[in-house]
Amino acid sequence: MERRAFVKGLAAATAAAQMWPELAQGVGDRLRTLRTETDALAGNDLWRRVRQEFQLNPGLVHFNTGSVGAAPRVVTDTVSSFLNQLEGNPNHNVWGPVSKKAEEARGRAAEFIGADLTEVAITRNTTEGMNQVAGGIDLDPGDEILTTNHEHGGGICCWEHLQKHLGVRVNYLKMPNPVRDKEQFLRVFEQHLTPRTRVVSLMHVDTITGMVYPLADVAAITRPRGIILVCDGAHAPGMLNVDLRALGVDTYASSSHKWMLAPKGSGLLYIRREVQDRVHPVSLYSGYNVYSASMGTRNVAHIIGHGVAMDFHNTLGRDVVEARCRQLSNRLRTHLLQVPRLRLLTPTQPELSSGLVTFAVDGMKRAEISKWLFGEHNMIVKNAQGTYAFATDPDVKAKAEDYNCLRFSTHIFNTEDEVDRLATYIEDILA
Numbered sequence: 022m023e024r025r026a027f028v029k030g031l032a033a034a035t036a037a038a039q040m041w042p043e044l045a046q047g048v049g050d051r052l053r054t055l056r057t058e059t060d061a062l063a064g065n066d067l068w069r070r071v072r073q074e075f076q077l078n079p080g081l082v083h084f085n086t087g088s089v090g091a092a093p094r095v096v097t098d099t100v101s102s103f104l105n106q107l108e109g110n111p112n113h114n115v116w117g118p119v120s121k122k123a124e125e126a127r128g129r130a131a132e133f134i135g136a137d138l139t140e141v142a143i144t145r146n147t148t149e150g151m152n153q154v155a156g157g158i159d160l161d162p163g164d165e166i167l168t169t170n171h172e173h174g175g176g177i178c179c180w181e182h183l184q185k186h187l188g189v190r191v192n193y194l195k196m197p198n199p200v201r202d203k204e205q206f207l208r209v210f211e212q213h214l215t216p217r218t219r220v221v222s223l224m225h226v227d228t229i230t231g232m233v234y235p236l237a238d239v240a241a242i243t244r245p246r247g248i249i250l251v252c253d254g255a256h257a258p259g260m261l262n263v264d265l266r267a268l269g270v271d272t273y274a275s276s277s278h279k280w281m282l283a284p285k286g287s288g289l290l291y292i293r294r295e296v297q298d299r300v301h302p303v304s305l306y307s308g309y310n311v312y313s314a315s316m317g318t319r320n321v322a323h324i325i326g327h328g329v330a331m332d333f334h335n336t337l338g339r340d341v342v343e344a345r346c347r348q349l350s351n352r353l354r355t356h357l358l359q360v361p362r363l364r365l366l367t368p369t370q371p372e373l374s375s376g377l378v379t380f381a382v383d384g385m386k387r388a389e390i391s392k393w394l395f396g397e398h399n400m401i402v403k404n405a406q407g408t409y410a411f412a413t414d415p416d417v418k419a420k421a422e423d424y425n426c427l428r429f430s431t432h433i434f435n436t437e438d439e440v441d442r443l444a445t446y447i448e449d450i451l452a
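Here the numbering used here is used: the sequence shown runs in plain steps of one and ends on residue 452.
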């Protein structure tokens, strides 16, 4: 599957380069060279070669892909080249050949996440996708949305808006901290369902703890009851090898500028074909295409760059990328478990863990540590908040609990040496 996706991606990239020969020295040639060179390498030699594709400042160590990723040069070169070429004849290029290439990128996006073309739209980010979904579901006063107390603001503001203006009710599942196993979560989840539950809104990867939610098991509970399963997938595509059909979710919104390493302000929205008569956003009224009357003019250069980002992942192999993210995360977790003043919030079971790992800190404010890491060692980590962090309802906010935690994201441009040094520095400051 990944080899086929790689070949199709190369064909599309090569066609773009032939259309405008100036385009980034030929994207297809660059990816083909990368594939040849990485196929001949293994271990740290492989990942040192991959690191050369990125343009992070010398000495900067970026452990916050969970907020924003670092696009490889082949992506930024593609965007820059297309932007420049577009302006030579904007009317012809935007509505002609470039629009066609952007549509091809949407097709590759559908394949990348295990969906059909008729189910996928390219958006700007997860928040936009979640808002489109929430605004496209017919709900009545008293209907209930079940979510968790860990949700990001981009995944919860749409439901709180409907609660305030439509009279629906948002119910919060209090997450175990940490979740012990899949069975524990599913038991707590099912206990929170009521006869009025119409929507379940969950993350794929928890933005606070990095837990991977057992979505296929959740779908097996919600679908027979006619409950729409909405997923905030901000962190998964590009970190995990995502297959939405296998997961069974009804809708899925993601931010491609994170783990997929795509241009900033690009994302994906999936609405399962079988629920499109129940989820109908205004922006998709006239179709899911890159350009439609209800979507309007788009930044097609970014969309084409989005396609190249997926080609980059396919060049390396999506399973290979996922394994590397997990391997580095596990390495860091093993180190930090030895630090007495840290408490692991991420589940330890492989099926529930990811490339995000989070520790609560005892006796020192998280901001002090992150500021020190950047100021002294040029390392960027995330100050993660706690429960109900993004809720706007005063009664809900009153229940907020600050975990005082640090979240670490490990991606393919990170190295084992960086992970080891990070662990040493944290151990030193907490000694």
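For every residue, glycine included, the Cβ atom is placed at its ideal position computed from N, Cα and C.
The model shown is predicted, which means the values in this text are computed figures rather than measured ones.
Residue burial classification, residue i (beta-carbon count within 10 angstroms, cutoff 16)
i    : result
A344 : exposed
K472 : The structure shown does not extend to residue 472, since the chain is modelled only from 22 to 452, so the question has no answer here.
W68  : buried
E389 : exposed
N65  : exposed
E181 : buried
D98  : buried
G176 : buried
A45  : Any reading at A45 must be qualified, since the residue scores a pLDDT of 44, below 50, and its modelled position is unreliable; the value itself is stated next. Classification of A45: buried, given that the 10 Å Cβ count is 16 or more.
E140 : buried
G396 : exposed
L363 : buried
K403 : buried
P235 : buried
G338 : buried
Q370 : exposed
R354 : buried
Nearest candidate by alpha-carbon position, reference residue i, set the options
i    : options                   : result
V251 : V220, T230 and A92        : V220
A126 : I401, S277, V360 and G338 : S277
L192 : Q359, S222 and P199       : Going by the sequence as given, residue 192 is Asn instead of Leu. Answer by Cα proximity: S222.
T230 : V200, Q153, A240 and V239 : V200
G174 : G150, D161 and R190       : G150
V321 : D159, R51, E397 and S101  : S101
P216 : P245, D227 and K203       : P245
S374 : R352, P302 and Q359       : R352
D159 : D137, L183, C178 and A136 : L183
G80  : R442, S430 and T59        : R442
D298 : R319, D271 and G317       : D271
K203 : M400, A91 and E372        : E372
D238 : A267, A255, D137 and T59  : A267
Beta-carbon spacing of residue i, residue j below 8 Å
i    : j    : result
V417 : Y424 : no
D253 : M281 : no
Q4   : L265 : This structure does not reach residue 4, given that the chain is present from 22 up to 452, and the question cannot be answered.
P284 : G326 : yes
V300 : I242 : no
P258 : F133 : yes
V119 : F103 : yes
F333 : V95  : yes
S304 : G288 : no
E172 : R190 : no
H432 : T86  : yes
M232 : T367 : yes
R428 : L377 : yes
E448 : V382 : no
G157 : P302 : yes
L62  : R53  : no
Cβ-based neighbour list, residue i, same chain, cut-off 6 Å, excluding 5 preceding and 5 following
i    : result
Y309 : A142
V263 : I134 and A257
R56  : T336
A330 : V96, M281, L282 and A283
P162 : G188
A123 : V311, V321, I324 and I325
A412 : K418
R72  : F434
Cβ-based neighbour list, residue i, same chain, cut-off 8 Å, excluding 5 preceding and 5 following
i    : result
N112 : none
N435 : V82, H83, F84 and L349
L194 : L167, T168, T169, N170, V209, F210 and H213
P197 : Q205, F206 and V209
V89  : H278, K279 and K285
G117 : none
Neighbourhood of residue i by C-beta distance below 7 Å, restricted to the same chain and skipping five residues each side
i    : result
T286 : According to the sequence provided, residue 286 is Gly. The question's Thr does not apply to it. Contacts found: R145, N146, H278 and H323.
D50  : none
Short CB-CB distance (under 8 Å) between residue i and chain C
i   : result
Q76 : No chain C is present in this structure, which holds just one protein chain.
### Message
Just to confirm the assignment: which complete alpha helix (DSSP H) runs, minimum length 4, are found wholly within the segment 403 to 448?
### Response
415 to 418, all fully within the segment 403 to 448.
#### Entry: Entirely enclosed beta strand (DSSP E) segments - the segment 157 to 223, minimum 3 residues
Qualifying beta strand (DSSP E) stretches, in chain order: 165 to 169 and 190 to 194.
### Query
At what residue ranges does the segment 246 to 278 contain a whole run of the beta strand (DSSP E), taking only runs of 3 or more?
Fully enclosed beta strand (DSSP E) runs of 3 or longer: 249 to 253 and 272 to 276.
### alpha helix (DSSP H) runs contained entirely in the segment 313 to 355, provided each spans 4 or more residues
Within the segment 313 to 355, the complete alpha helix (DSSP H) runs of at least 4 residues are 321 to 337.
### Query
What residue ranges within the segment 70 to 149 form continuous alpha helix (DSSP H) runs of no fewer than 4 residues, ordered along the chain?
Qualifying alpha helix (DSSP H) stretches, in chain order: 94 to 107, 111 to 116 and 118 to 133.
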